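**Q** If you're matching positions, the sequence shown starts at 241 in the numbering used here and goes up one per residue. The beta carbon of each residue, even a glycine, is placed where N, CA and C say it ideally should be. Quantities reported herein were computed from a predicted structural model and do not represent experimental measurements. Please see the structure below; I have some questions.
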Amino acid sequence: MRVVVVGASGAVGRELLRLLTTRAVLPAAAAIVPVGSRSAGSTLPIAGEPVEVSPLSADVFAGADLALFSAGGGVSREWAPIAAAQGAIVVDNSSAFRMDADVPLVVPEVNADALDAGPPPRGIVANPNCTTAVFAVAAAPIHRAVGIRRVIASSYQAVSGSGAGGIRELDAQVRAWSAGAEPPPREVYPHPIAFNVLPHVDGFAPEYAGFTREELKLRDESRKILNAPDLRVSATCVRVPTFRAHAVSAHLELAGPCSPGRVRDLLAAAPGVIVDDEPEAARYPLPLSVAGQDDVAVGRIRACEVFDPGIVLWIVGDQLLKGAALNAVQIAEALHARGMLIRAER
Ligand SMILES: NC(=O)c1ccc[n+]([C@@H]2O[C@H](COP(=O)([O-])OP(=O)(O)OC[C@H]3O[C@@H](n4cnc5c(N)ncnc54)[C@H](OP(=O)(O)O)[C@@H]3O)[C@@H](O)[C@H]2O)c1
Numbered sequence: 241m242r243v244v245v246v247g248a249s250g251a252v253g254r255e256l257l258r259l260l261t262t263r264a265v266l267p268a269a270a271a272i273v274p275v276g277s278r279s280a281g282s283t284l285p286i287a288g289e290p291v292e293v294s295p296l297s298a299d300v301f302a303g304a305d306l307a308l309f310s311a312g313g314g315v316s317r318e319w320a321p322i323a324a325a326q327g328a329i330v331v332d333n334s335s336a337f338r339m340d341a342d343v344p345l346v347v348p349e350v351n352a353d354a355l356d357a358g359p360p361p362r363g364i365v366a367n368p369n370c371t372t373a374v375f376a377v378a379a380a381p382i383h384r385a386v387g388i389r390r391v392i393a394s395s396y397q398a399v400s401g402s403g404a405g406g407i408r409e410l411d412a413q414v415r416a417w418s419a420g421a422e423p424p425p426r427e428v429y430p431h432p433i434a435f436n437v438l439p440h441v442d443g444f445a446p447e448y449a450g451f452t453r454e455e456l457k458l459r460d461e462s463r464k465i466l467n468a469p470d471l472r473v474s475a476t477c478v479r480v481p482t483f484r485a486h487a488v489s490a491h492l493e494l495a496g497p498c499s500p501g502r503v504r505d506l507l508a509a510a511p512g513v514i515v516d517d518e519p520e521a522a523r524y525p526l527p528l529s530v531a532g533q534d535d536v537a538v539g540r541i542r543a544c545e546v547f548d549p550g551i552v553l554w555i556v557g558d559q560l561l562k563g564a565a566l567n568a569v570q571i572a573e574a575l576h577a578r579g580m581l582i583r584a585e586r
């Protein structure tokens with residue numbers, strides 16, 4: 241099997257390389273081809289061996305079974321169709337194709353059935369926005385059992401959600417502060433992120449009526465993944481000075497009664513979710529404990545004081561894993577289970 245990873249040196253790309261070589265679900269990868277721009281010509285470790293990063297060109301996709309894109313929307317828009325035209329199945333981490341009707345948007349625990357209809361029409365499967373994937377894994381079992389009508393959500397998003405640049409910016413500001421030095425000029429965020437919270441993730445634009453694109457991704461992508469076109473979502477997405485793992489406080493209006501105990505049972509039985517909910521022992525999911533974990537953790541499960549019937553959840557997931565690299569590799573595994581990944585098997 242030949243796998244091309246575009247954006248291999250990035251925050252998501254490095255996790256992709258690790259998961260491809262450690263999960264042992266896909267057939268032993270004969271070749272993983274890391275692709276980059278500035279990193280081209282340098283090496284990245286793959287299964288402990290240094291492998292040279294190739295520049296992006298049509299040639300790298302020749303004979304590829306799978307192309308994992310993780311280099312931003314512009315790169316995906318231009319190059320994913322080129323990879324697909326050469327016969328590779330593309331799993332795209334960017335927002336370029338997510339809302340296109342002929343591109344499945346998949347969280348395998350939730351809607352792997354979107355892959356049941358045969359090879360994706362354009363050869364592209366989209367991976368959701370990171371906050372949305374984390375939210376959807378926790379919301380889906382409740383939506384399936386009782387239905388969710390409306391959501392009010394606030395996110396607490398780690399700087400690695402902005403890629404390697406976000407990690408560097410928080411790190412540099414914290415180091416400068418502890419050394420009593422001037423921080424270096426900002427490149428990623430419009431304000432200091434160290435010791436601050438920014439109610440601003442992704443861009444604002446006039447057509448979004450005061451919302452950010454991230455907030456509307458949470459609304460629109462949740463509708464598509466949960467197959468809930470009438471779901472109403474009002475979100476405030478916030479960048480916080482944590483390095484890894486996004487948290488979401490979600491107030492859900494339900495279509496029928498569902499006690500906190502039943503929600504706990506539904507979530508405990510759901511794939512990809514763990515319940516961590518012993519508030520009296522100060523146990524609830526935390527970014528520091530969830531970072532590096534595959535499962536999304538849910539705690540602080542309680543009845544809602546505003547929506548009736550309603551439920552409140554505190555959801556934390558490693559957005560580089562379930563919100564990006566792990567979900568992308570799980571999509572590839574789901575395609576493989578359906579005989580759609582390896583060219584010779586299609
Ligand atoms: N971070 C997250 O939590 C997260 C979650 C979900 C989805 N995503 C999406 O995943 C993608 C990557 O995010 P990231 O956080 O990993 O960003 P990142 O750390 O900034 O990495 C970006 C990667 O893209 C590569 N790249 C940029 N321009 C390129 C070009 N013209 N040709 C080839 N490679 C190019 C870079 O390679 P060089 O270093 O070689 O230039 C680097 O490997 C984005 O689309 C993002 O929206 C990220």
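Quick one, which of Ile382, Val331 and Ser335 has its alpha-carbon nearest Arg362's?
**A** The sequence position of residue 362 within the sequence shown is 122, counting from 1. The option with the nearest alpha carbon to Arg362 is Val331.
**Q** Tell me whether Thr371 is buried or exposed, calling it buried when 16 or more other Cβ atoms sit within 10 Å of its Cβ.
**A** Taking the first residue of the sequence shown as 1, we reach residue 371 at position 131. Buried, by the Cβ-count rule.
**Q** Mind listing, in chain order, the continuous alpha helix (DSSP H) runs of no fewer than 4 residues lying wholly within the region 354-405?
**A** For the region 354-405, whole alpha helix (DSSP H) runs of length 4 or above, ordered along the chain, are 370-385.
**Q** Confirm the yes/no value for this check: CB of Ala393, any heavy atom of ligand 1, distance under 7 angstroms.
**A** Along the sequence shown, one-based indexing puts residue 393 at 153. The answer is no for Ala393.
**Q** Assuming Val365 contacts Ile582 under a Cβ cut-off of 8 angstroms, what Cβ separation, rounded to an integer in Å, is found between them?
**A** As a position in the sequence shown, residue 365 is number 125, starting the count at 1. As a position in the sequence shown, residue 582 is number 342, starting the count at 1. About 15 angstroms; that fails the 8 angstroms criterion.
**Q** Which of the three DSSP states is assigned to Ala490 in this structure?
**A** Your numbering for residue 490 matches position 250 in the sequence shown. Correct three-state label for Ala490: strand.
**Q** Can you check which of these residues, Ala304, Ser529, Ile541 and Val530, is closest to Glu608 by C-alpha distance?
**A** Outside the modelled stretch of the chain, which goes from 241 to 586, sits residue 608, for which no answer is possible.
**Q** Take the Cβ of Phe337 as the centre, count every other Cβ of all protein chains shown within 10 Å, and call the residue buried at 16 or more, exposed below.
**A** By one-based count along the sequence shown, residue 337 stands at place 97. Phe337 is buried by the Cβ-count criterion.
**Q** When every heavy atom of ligand 1 is checked, does at least one fall within less than 7 angstroms of the C-beta of Gln570?
**A** Against the sequence shown, residue 570 aligns to sequence position 330. Gln570 Cβ: outside cutoff for every heavy atom of ligand 1.
**Q** Roughly how many angstroms lie between the CA atoms of Ala419 and Val437, to the nearest whole one?
**A** If you number the sequence shown from 1, residue 419 lands on position 179. If you number the sequence shown from 1, residue 437 lands on position 197. Between Ala419 and Val437, the C-alpha separation is close to 22 angstroms.
**Q** Does the beta carbon of Asn351 fall short of 7 angstroms from some heavy atom of ligand 1?
**A** By one-based count along the sequence shown, residue 351 stands at place 111. Answer for Asn351: no, Cβ out of range of ligand 1.
**Q** What did DSSP end up calling Gly539 once you bin it into helix, strand or coil?
**A** To locate residue 539, count along the sequence shown from 1; it is residue 299. Strand.
**Q** Roughly how many angstroms lie between the CA atoms of Gln326 and Arg390, to the nearest whole one?
**A** For the purposes of this step, residue 326 is identified with residue 86 of the sequence shown, where counting begins at 1. For the purposes of this step, residue 390 is identified with residue 150 of the sequence shown, where counting begins at 1. The straight-line gap from Cα to Cα measures roughly 42 angstroms.
**Q** Excluding five sequence neighbours on each side, which residues of the same chain lie with their C-beta closer than 6 angstroms to the C-beta of Gly496?
**A** Along the sequence shown, read from residue 1 onward, the residue named residue 496 stands at position 256. So the list reads Val386, once near-sequence residues are dropped.
**Q** According to DSSP, is Ser418 part of a helix, a strand, or is it coil?
**A** The count along the sequence shown starts at 1 and reaches residue 418 at position 178. Helix.
**Q** Say whether the region 475-491 touches the region 394-408, bearing in mind that this needs 3 or more beta-carbon pairs closer than 8 angstroms, one atom from each stretch.
**A** In short, these stretches touch, since the Cβ pair count reaches three.
**Q** Mapping DSSP to helix, strand and coil, what is Leu575?
**A** If you number the sequence shown from 1, residue 575 lands on position 335. Helix at Leu575.
**Q** Output the distance between the C-alpha atoms of Pro423 and Arg415, rounded to the nearest integer angstrom.
**A** Against the sequence shown, residue 423 aligns to sequence position 183. Against the sequence shown, residue 415 aligns to sequence position 175. Approximately 8 angstroms between the Cα atoms of the pair.
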